[in-house]
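Chains A and B supply the protein sequences, listed in that same order.
Using my numbering, read the first sequence as starting at 3 and increasing by one per residue.
Using my numbering, read the second sequence as starting at 504 and increasing by one per residue.
Written below as structure tokens is the structure these notes are about.
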Amino acid sequence: MKNIRSKIKNFFITIFKIPFGFLMHTIDIIMWPIQKIIGVRNMPYIFLLPNLIFFGLFVIIPLGVNVAFSITGGDELLFADREFSGSKHYNDLFNCESYLNPNTCKEDFFWRGVYNTIFFVIFQVGLMIFFSLLTAVILNKKIIGRGFFRSVFFFPVLLSPVVVGLIWQWILLKNGILNAVIEANGGDKFSFLTDPGWAMTSSIFVSIWAHMGFYTLIVLAGLQAIPPNLYEAAEMDGTSTERTFFRITLPLLMPNLLVVFILASIKGVQTFDEIYVLTGGGPGTSTSLIVQYIFTTGFASSGSVQNFGLAAAASMVLGIVLLCLTLIQLFLGRNKETKHQEI
Amino acid sequence: MIKYFFKAISVALITISLTLISAVSFAATDVRIMWYGDGDKENVPMQGQIDAFNAANPDINVILDIVPYDAIMNTLPIQLAAGEGPDIARVTDLGGLNKYYADITPHVANPQYYEDSFGPFLKWYRKAGDTSSIHGFHSTMTVTGPYVNKTLFEQAGVDLLGPGATWAEWADAANAVASKLDIPIPMAWDRSGHRVSGPAVSMGAKYFDANGDPKLVDDGLKAMTQMLYDWHQDGTMSKDLWGSVSGTKYHAPNDWWNAAEVVFMMSGSWQIGRFANEVGDDFDWWAVPAPCGPAACTGMPGGNALLAFTANDAVGKVMDYLSSKEQLGAFIGEVLAIPGHLDLPVDYQTDDPNAKHALETFAGAVPTIDQVAFDLQAHVDNRIMFNAIISRLGQAIVGEMSLEEAWVKMDEDVEKQLKEKYGG
Chain A
3 MKNIRSKIKN FFITIFKIPF GFLMHTIDII MWPIQKIIGV RNMPYIFLLP
53 NLIFFGLFVI IPLGVNVAFS ITGGDELLFA DREFSGSKHY NDLFNCESYL
103 NPNTCKEDFF WRGVYNTIFF VIFQVGLMIF FSLLTAVILN KKIIGRGFFR
153 SVFFFPVLLS PVVVGLIWQW ILLKNGILNA VIEANGGDKF SFLTDPGWAM
203 TSSIFVSIWA HMGFYTLIVL AGLQAIPPNL YEAAEMDGTS TERTFFRITL
253 PLLMPNLLVV FILASIKGVQ TFDEIYVLTG GGPGTSTSLI VQYIFTTGFA
303 SSGSVQNFGL AAAASMVLGI VLLCLTLIQL FLGRNKETKH QEI
Chain B
504 MIKYFFKAIS VALITISLTL ISAVSFAATD VRIMWYGDGD KENVPMQGQI
554 DAFNAANPDI NVILDIVPYD AIMNTLPIQL AAGEGPDIAR VTDLGGLNKY
604 YADITPHVAN PQYYEDSFGP FLKWYRKAGD TSSIHGFHST MTVTGPYVNK
654 TLFEQAGVDL LGPGATWAEW ADAANAVASK LDIPIPMAWD RSGHRVSGPA
704 VSMGAKYFDA NGDPKLVDDG LKAMTQMLYD WHQDGTMSKD LWGSVSGTKY
754 HAPNDWWNAA EVVFMMSGSW QIGRFANEVG DDFDWWAVPA PCGPAACTGM
804 PGGNALLAFT ANDAVGKVMD YLSSKEQLGA FIGEVLAIPG HLDLPVDYQT
854 DDPNAKHALE TFAGAVPTID QVAFDLQAHV DNRIMFNAII SRLGQAIVGE
904 MSLEEAWVKM DEDVEKQLKE KYGG
């Protein structure tokens, strides 16, 4: 019996070995002369080449194309049909009598998008950190059904942003589920999505609901990395729960919270799809964020001129903002590593 | 032995190659149509006609890609700009995409049929100076105009107004019905610059200067937009409808209308089939003549056309088939639309008296359409003006800017977009 099993095992190993061996031999045939020509020391570049090609094709070239679009004008897509316009689109974006009043700006929709995004990011990120921390602290305790609750909080992260937007639209519409419940209890209907103030509040809430699970997971990992003996020592000293939290938990969680802050900020600046589905950017432009401006200017003009150049210029500005945030993240990350090495 | 083996292999390879080549040569030519429909009411009859065509023409394979209206407005232009568009599409931005239309004159059986049947509309598709190209045909003609919930008027004891009634009088009547019956929305409009434009022309809007160049804001447009703004402030119109989206996004108040929460709805003839289907006998609905302003009592003409982006015999054959009196008549009769064909007897497939009345009303409105409205519809850049109206008026209504600021921005938007498009 054992013999038969061993034979079957060997048979399958041989089956898998044939194509693998063939592949390795083929690679060897190609690599051997290359190594002969360029030498062993330069071989890493050859192995990096596939990745570099993909990076070039899908990052560097599109970036170059975007820059080229931003300095050319017209509504044509092909460069041969577009006219060089220099910094015109950048000038248009920053042409404002007063930056505090978008109505005085030539591209007032851009500035409304900028202000809405800033407002959105400040509140969304702030509340996201607060609720992620709160949830992680609760989920770190020994409560009944802890695994279940961890899954429940993480589940929205798995949903597509369009699904998130549609689900919450059904709930928050004037004739939606939430208003039906409010009305059934004798209350008046709320304009959750059609009153400017409420629409932004709803958008922030929905965004937090959709992404909180991911950040909770990061904070939870941080909480579990805190040595339990610190808590035991604090307990023996009779330290209050609040003091333990503010003197032990929070300081030791800071690196994780910084990561959450930076990642959530980057994600917040890029927010588009779920809010676009939820409110369409309305009412007026009260929930129209900067990415929606880029999308509508370049691609969803409903028959108006598709201003690819202006959209490209705006996305360059957005790219610079994101680059700054990423640099901060890198700086903080390196700082953390250096401190760890010093310890 | 080996010699024979290689010989056999060679023969086999040649045979396979020839078979493949002949298979490719005799494969049916694909014709891809990008189609948006007003639900199954339009999609099913069109798919039926396409299936019948495919069955009768094995050398042509027509593929009907049913897409949302947004895809026609936003995705199609990008596809065309990238050279990746369909062969035929159902289009509403008739002049805006004219640089992509293909001239199918040599590929249709009888070009004169198109001139005789769709003559006035063909110029809507053509580039400036072009008087002869055939790009396609008008699938349905539309006229904008209002509907009223007749049952609510009867229940409230308010008389329906007749031809010649003004916009202000209709607003008063709708408010009277709503207040008597506690209806939440007296008046609702499609959120569309096209819908605003007929009434604006009635109020005296000209849209063009003396040279025929776009000039959006004048006293007529100001009067109509002021009226719309005021209606949103005094509750005649609900901010929940136009406020639920932003920018140039189209929004129709059908859900509220179907739930009998709207007394008066400004939309157009394309809703007839949908209302007949969705409202059924829940309440009586009537189309009423376009309300008047000091300059006219007009709606906007419009419609959608099946237009070609590829010129070949297969596309020509498909166009001939779909535009034929037999097929177009059957389609129009089933979807309850106004034909864009000048000589098409239609047997409407409905017993609904509301739908029959609405069809008569809208068909009767065609001769009363003002020339300014026709010129506006025919203008290649009309969408730029429609979009400027709706996005800026929407902002004023929710309080992001004053109406005076909105008027300034409307003109700026039009000027800016025309500069981007034409340079200068």
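From the three backbone atoms N, C-alpha and C, an ideal C-beta is built for every residue, glycine too.
Note that the structure is predicted; figures quoted are calculated from it, not measured.
For the segment 45 to 61 of chain A, which residues have a CB atom closer than 7 Å to at least one CB atom of chain B, in sequence order? none
Using three-state DSSP, classify aspartate 568 of chain B as helix, strand or coil. Strand.
Whole-angstrom Cβ separation of aspartate 787 of chain B and threonine 654 of chain B, contact assumed at under 8 Å? Rounded, the Cβ-Cβ distance is 5 Å, consistent with contact.
Determine contact between the segment 224 to 237 of chain A and the segment 134 to 145 of chain A, defined as no fewer than three beta-carbon pairs at a distance below 8 Å. yes
Which chain D residues sit within Cβ distance under 7 Å of glutamate 903 of chain B? This model lacks chain D altogether; the protein chains it does include are A and B.
Count the other C-beta atoms from every protein chain shown that fall within 10 angstroms of the C-beta of proline 230 of chain A, then say buried if there are 16 or more, exposed otherwise. exposed
Presumed contact (8 Å Cβ cut-off) between serine 290 of chain A and serine 905 of chain B, rounded CB distance: Contact flag wrong, Cβ pair sits at about 19 Å.
Listing by chain order, which chain B residues have their CB less than 9 Å from the CB of serine 290 of chain A? Ser749 and Gly750
Starting from valine 123 of chain A, trace the alpha helix (DSSP H) in both directions and tell me its first and last residue. 110 to 142
With a threshold of 7 Å on Cβ separation, who are the neighbours of phenylalanine 151 of chain A within its own chain once the five nearest residues in sequence on each side are excluded? Leu141
Please report whether the beta-carbon of methionine 238 of chain A lies at a distance below 9 Å from any beta-carbon of chain B. So no, methionine 238 of chain A is outside the interface.
CB-CB length for asparagine 546 of chain B against serine 304 of chain A, believed under 8 Å: Not a contact, Cβ separation roughly 22 Å.
If we define contact as Cβ-Cβ less than 9 Å, is leucine 180 of chain A a contact residue for chain B? no
Thinking C-alpha only, which one of B/His882, B/Tyr925, B/Lys922 and B/Gly902 is nearest aspartate 596 of chain B? The residue with the shortest Cα to Cα distance from aspartate 596 of chain B is B/His882.
Please specify which runs of the alpha helix (DSSP H), each continuous and at least 4 residues long, are wholly inside the segment 265 to 337 of chain A, giving them in chain order. 275 to 281 and 292 to 300
Would you call the CB atoms of threonine 273 of chain A and serine 317 of chain A closer than 9 Å? Contact: no.
Please look up how many angstroms separate the CB atoms of leucine 928 of chain B and isoleucine 775 of chain B, rounded, as I've assumed it's under 8 Å. Because residue 928 of chain B is not part of the residues shown, which for chain B are 504 to 927, the question remains open.
Judging by CA-CA distance, which residue of A/Leu175, A/Phe247 and A/Val319 is the nearest neighbour of phenylalanine 192 of chain A? Out of A/Leu175, A/Phe247 and A/Val319, the CA that lies nearest to the CA of phenylalanine 192 of chain A is found in A/Leu175.
So what does leucine 839 of chain B bridge to, in DSSP terms? Looking at the DSSP output, leucine 839 of chain B bridges to nothing.
For the segment 645 to 715 of chain B, which segments carrying the alpha helix (DSSP H) assignment without a break, of at least 4 residues, lie completely within its bounds, in sequence order? 653 to 659, 670 to 684 and 696 to 705
For leucine 583 of chain B, three-class secondary structure by DSSP: helix
Is the shortest distance between the beta-carbon of tryptophan 745 of chain B and the beta-carbons of chain A less than 9 Å? yes
Who does serine 770 of chain B pair with in a DSSP beta bridge? B/Gly648
In this structure, how does DSSP classify valine 818 of chain B when only helix, strand and coil are distinguished? helix
Measure the CB-CB distance between isoleucine 835 of chain B and valine 849 of chain B and report whether it falls below 9 Å. yes
For threonine 74 of chain A, would you say it is in contact with chain B, using Cβ-to-Cβ distances shorter than 9 Å as the test? Interface criterion not met: the Cβ of threonine 74 of chain A is under 9 Å from no Cβ in chain B.
Any 3 or more C-beta pairs closer than 8 Å across the segment 872 to 882 of chain B and the segment 800 to 815 of chain B: A contact exists between the segment 872 to 882 of chain B and the segment 800 to 815 of chain B.
Could you check the C-alpha separation between threonine 299 of chain A and arginine 777 of chain B for me, to the nearest Å? Pairing threonine 299 of chain A with arginine 777 of chain B, the inter-Cα distance amounts to about 32 Å.
Interface positions of the segment 192 to 205 of chain A facing chain B (Cβ-Cβ less than 7 Å), listed along the chain: Cβ contacts with chain B come from Ser193, Leu195, Thr196 and Pro198.
By how many angstroms is the C-alpha of alanine 531 of chain B removed from the C-alpha of proline 561 of chain B? Between proline 561 of chain B and alanine 531 of chain B, the alpha-carbon positions lie close to 7 Å from each other.
How many angstroms separate the CA atom of alanine 755 of chain B from the CA atom of arginine 694 of chain B? 6 Å
Using a Cβ-Cβ distance cut-off of 9 Å, determine whether glycine 806 of chain B contacts chain A. no
So the candidates are B/Ser894, B/Gly588, B/Thr647 and B/Ile581; which of them puts its Cα closest to the Cα of alanine 861 of chain B? For the residues B/Ser894, B/Gly588, B/Thr647 and B/Ile581, the minimum Cα distance to alanine 861 of chain B belongs to B/Thr647.
Through-space distance from phenylalanine 216 of chain A to asparagine 337 of chain A, alpha-carbon basis: 24 Å
Are there 16 or more other CB atoms within 10 angstroms of the CB of glutamate 903 of chain B, so buried, or fewer, so exposed? buried
Answer yes or no: do glycine 819 of chain B and histidine 641 of chain B have a C-beta to C-beta separation smaller than 9 Å? no
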